[in-house]
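Note sheet for the following structure.
Number of protein chains: 2
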Amino acid sequence: MPTSKDVAQAAGVAQSTVSYVLSGKRPISEKTRKKVEAAIEELTYQPNAGARALAGRRTRVIGLVIPFIPELEMASLMEFVSVIASTARQFDHDILLVTEDEGAAGLRRVVGQQICDGLILMQVEDEDERLPVARTLNVPVLLIGIPRDPSGLVCIDADFEMAGDQCIRDLASAGHSVVSIIEWQPAVVNRHVNYVDRFMRGADTAAESLGVAVHHFPGGADVAIISESVDKALAATEGVPAFIAPDRTIQDILRRALTARGLTPGVDVSVIGSASPTLAELQPVPLSTIDLRPKEVSRRAVKIICDLLETENQGPHESLELVPTVITHRASTLRPPHGS
Amino acid sequence: MPTSKDVAQAAGVAQSTVSYVLSGKRPISEKTRKKVEAAIEELTYQPNAGARALAGRRTRVIGLVIPFIPELEMASLMEFVSVIASTARQFDHDILLVTEDEGAAGLRRVVGQQICDGLILMQVEDEDERLPVARTLNVPVLLIGIPRDPSGLVCIDADFEMAGDQCIRDLASAGHSVVSIIEWQPAVVNRHVNYVDRFMRGADTAAESLGVAVHHFPGGADVAIISESVDKALAATEGVPAFIAPDRTIQDILRRALTARGLTPGVDVSVIGSASPTLAELQPVPLSTIDLRPKEVSRRAVKIICDLLETENQGPHESLELVPTVITHRASTLRPPHGS
DNA sequence: TCGATTTATCGATGCGTATCGACGATGCGT
DNA sequence: ACGCATCGTCGATACGCATCGATAAATCGA
Chain A
58 MPTSKDVAQA AGVAQSTVSY VLSGKRPISE KTRKKVEAAI EELTYQPNAG
108 ARALAGRRTR VIGLVIPFIP ELEMASLMEF VSVIASTARQ FDHDILLVTE
158 DEGAAGLRRV VGQQICDGLI LMQVEDEDER LPVARTLNVP VLLIGIPRDP
208 SGLVCIDADF EMAGDQCIRD LASAGHSVVS IIEWQPAVVN RHVNYVDRFM
258 RGADTAAESL GVAVHHFPGG ADVAIISESV DKALAATEGV PAFIAPDRTI
308 QDILRRALTA RGLTPGVDVS VIGSASPTLA ELQPVPLSTI DLRPKEVSRR
358 AVKIICDLLE TENQGPHESL ELVPTVITHR ASTLRPPHGS
Chain B
58 MPTSKDVAQA AGVAQSTVSY VLSGKRPISE KTRKKVEAAI EELTYQPNAG
108 ARALAGRRTR VIGLVIPFIP ELEMASLMEF VSVIASTARQ FDHDILLVTE
158 DEGAAGLRRV VGQQICDGLI LMQVEDEDER LPVARTLNVP VLLIGIPRDP
208 SGLVCIDADF EMAGDQCIRD LASAGHSVVS IIEWQPAVVN RHVNYVDRFM
258 RGADTAAESL GVAVHHFPGG ADVAIISESV DKALAATEGV PAFIAPDRTI
308 QDILRRALTA RGLTPGVDVS VIGSASPTLA ELQPVPLSTI DLRPKEVSRR
358 AVKIICDLLE TENQGPHESL ELVPTVITHR ASTLRPPHGS
């Protein structure tokens, strides 16, 4: 492997000059820059990351703490991971995976060994055991998700309250006065992420101001529970029933339960789910969706932490950014009455 | 951040002694070891990764090249990633994400900058553009998947041929003489991964030796295509029909298509799918599965490359490891006739 | 034309660890 | 008691790069 010294020798300059050509931190004449760049090209020189980290006290690596494999939600998780990694590259950073099974000790390790310049924590819970540790680490930490006490922390998440609001308003404007919301699966709810509450709060508030009645039903991974909820919901509704199912697994089960009862989304019943546009269009009846914008959340998360890494001021930051959600009409919801 | 020099000072020894206590590469008296360990504890010393990499020419990081986000198969992908990261930790290594959108240049980068000691390539295609590059990198590379020409490369994958064989034998022993296999989705097939072919070869060979007739049907993401295949398959079968659907998405669609026709798995029809035991049990009718053992593949992949990293001999290795698949009877297939 | 600036480059040093050779201390046999 | 191997520790050096101060060269003003 060629070193910057080799490059310097090939270009007939000092090693430090090579370094300055690369970093641009001192003026370099056009002539020597050309020489150095030619030498770099010829030797296919690439700076050694370890040496760079040692001398520059910067690794340009961000640790990504992924939650413990819950067998569910994996697809969604992967989308975050993938977009985070790509975006990090755009900011000239790399992503190191830190698995949850290392626990809080893992955070101390990657920061203590200075493998990472900063951390992104995914799936932050209401009372997350990692937070006390995160607060004491002397590196920027970015949370995806909002804990009960976000003081002294930098958080970002989808605006679930807005999502709940949008769903209710949308159904209300389509003429529904009763809406049934089916919660996330117990596996999600029990993890004590609070976006469930935020969503419901947004929905309830909107419903109250619009005079819409909202029924809540527990989520469940198996058909029986959902079927039961559907029956209760149908019994409690006059006119065309409306369902909101923000959990992807739930919405699949819901669709089957409705089909089994001879109800067609967009005709006899309105359904709002959550899915990427692509997947939504692939449904038997294209699904109206509330888009929680995982990609945008991921992108902003990376941007925020990279900004923090640039301005290396040590003062503990604190901020809370909510990414607006987007509701999209497709065939699974009734159209609003003409003129409304 | 304390350094090994600080530790040395606190313990009243030389810095090199601290290093030897940590590495164990030279004998250290019980007494000074205790002193040093106490100092490490007290200062919460952790060795600097950059310095370590520089001096030891080893980063203890493995690059994991994840395929370009295909919107499908994400859950399965995440399972690999998660297990790989955990297993790497057991071998005292970390995982750096390398996204496919950097292309082959990404491989050169992470190796050239010596961010990684080795690479794991996921989802290797038949004629993978990354392979020529991989062969010239002077670090161990481990492929998950088997390219057309595996010469000079180290590969591991599930034994899809065995999987095909097992499925056919299982159905044959349950009395089926005609079996319909529904291929993976076009999105998978078109990516030119060859495990599809390997599976079919195993199935066809077994079928021939057992006198079983096999019908192949294309996969498809939407219900219409699968329904059509099912109808054709039913028409072509006398007695109880049997289906094999190794693609998870397909198997979900298949189940609905069969249900719609009043066929109950395990009673009027046999179905073998692919899913984790957990998910298989959650189905309306517990699904007989062919387990492609993604976790085991991941674990072995990490073990292999870590072994290669230990024995740093430079000679280009070549090997091909196939992980045995496991077929598990559940309620969705007919029971073999008594006594067989 | 000569000193005062500015510009471009060089040499030296430090970052924190691993490793090698050296050296004093200890134990051995005779 | 003396030479000799062994054990435990130390000091010095290298790893490859970033950065600082210094210096030579070029530019400018008067």
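Line by line, the protein sequences are chains A and B. Its first residue numbered 58, the first sequence is counted upward by one per residue in the numbering used here. Its first residue numbered 58, the second sequence is counted upward by one per residue in the numbering used here. For glycine and all other residues, C-beta sits at the position ideal for the given N, C-alpha and C.
If you check each beta-carbon in the region 250-268 of chain B against every beta-carbon of chain A, none falls closer than 9 Å.
At a cut-off of 8 Å between beta carbons, Glu136 (chain B) contacts chain A. Taking CB atoms only, Arg248 (chain B) has no neighbour in chain A less than 8 Å away. Within chain A, no C-beta atom comes less than 8 Å from the C-beta of Ser355 (chain B); the nearest is roughly 11 Å away. Among the CB atoms of chain B, none fall inside 8 Å of the CB of Val359 (chain A).
Val167 (chain B) and Gly120 (chain B) have their C-alpha atoms spaced approximately 8 Å apart. Burial is judged here by how many other beta carbons sit within 10 angstroms of a residue's own beta carbon; Pro373 (chain A) has fewer than 16 and is exposed. Excluding its 5 nearest sequence neighbours in each direction, Val383 (chain A) has C-beta neighbours in its own chain below 6 Å: Asp348, listed in chain order. Of the residues assessed, Ser208 (chain A) falls on the exposed side of the cut-off, its CB having fewer than 16 other CB atoms within 10 angstroms.
Per DSSP, Asp174 (chain A) has no beta-bridge partner at all. The beta carbons of Ser333 (chain B) and Leu391 (chain B) sit about 23 Å from each other, so the pair does not count as a contact at 8 Å. Following the DSSP letters along the chain, one finds Thr390 (chain B) in no beta strand (DSSP E), marked with neither H nor E. Among the CB atoms of chain A, none fall inside 8 Å of the CB of Leu366 (chain B). Interface residue (Cβ-Cβ distance to chain A less than 8 Å): Ile238 (chain B) is not classified as such. Thr156 (chain A) sits in a strand when the DSSP states are folded into three classes.
In terms of CA proximity to Leu176 (chain A), A:Leu366 leads the group A:Leu379, A:Leu366 and A:Ile307. By the rule that beta-carbons nearer than 8 Å mark a contact, Ala132 (chain B) touches chain A. Taking 8 Å as the cut-off, the Cβ atoms of Ile283 (chain B) and Ala314 (chain B) count as close. Interface flag for Pro343 (chain B) against chain A is unset, since no Cβ pair is found closer than 8 Å. Gly107 (chain B) is positioned such that its CB atom lies no closer than 8 Å to that of Gln72 (chain A).
When C-beta distances to chain A are compared with 8 Å, the residues of the region 82-115 of chain B below that value are Thr101, Gln103, Pro104, Asn105, Ala106, Gly107, Ala108, Arg109, Ala110 and Leu111, in chain order.
Beta-bridge partners of Ser376 (chain A) (DSSP): A:Val211. Of A:Val354, A:Gly323 and A:Ser355, the smallest CA-CA separation from Arg387 (chain A) is found for A:Gly323.
The three-state secondary structure of Phe256 (chain B), taken from DSSP, is helix. Your pair Ser139 (chain A) and Ile123 (chain B) checks out as a contact, with CB atoms roughly 7 Å apart and the cut at 8 Å. Taking a Cβ-Cβ cut-off of 7 Å, the neighbours of Asp279 (chain B) in chain A comprise Leu339, given in sequence order.
By alpha-carbon distance to Asp151 (chain B), the top candidate from A:Glu136, A:Cys173, A:Thr144 and A:Met131 is A:Cys173. Within chain A, Ser139, Ala142, Ser143 and Arg146 have C-beta atoms less than 8 Å from the C-beta of Thr156 (chain B), given in sequence order. In the structure shown, the three-state DSSP call for Ala278 (chain A) is coil.
The Cβ-Cβ distance between Met131 (chain A) and Met135 (chain B) falls below 8 Å.
With its beta carbon at least 8 Å from every one in chain A, Leu176 (chain B) lies outside the interface. Nearest in C-alpha terms to Lys352 (chain A), of all of A:Ala317, A:Ile213, A:Glu285 and A:Thr368, is A:Ile213.
In the DSSP annotation of this structure, the continuous segment of the alpha helix (DSSP H) that includes Phe217 (chain A) starts and ends at Phe217 to Ser230.
Note on geometry: alpha-carbon atoms of Arg205 (chain A) and Asp183 (chain A) lie some 5 Å from one another. Cα atoms of Pro343 (chain A) and Leu311 (chain B): separation of roughly 20 Å, rounded to the nearest angstrom. CA-to-CA, the gap between Leu320 (chain A) and Ser286 (chain A) works out to about 15 Å.
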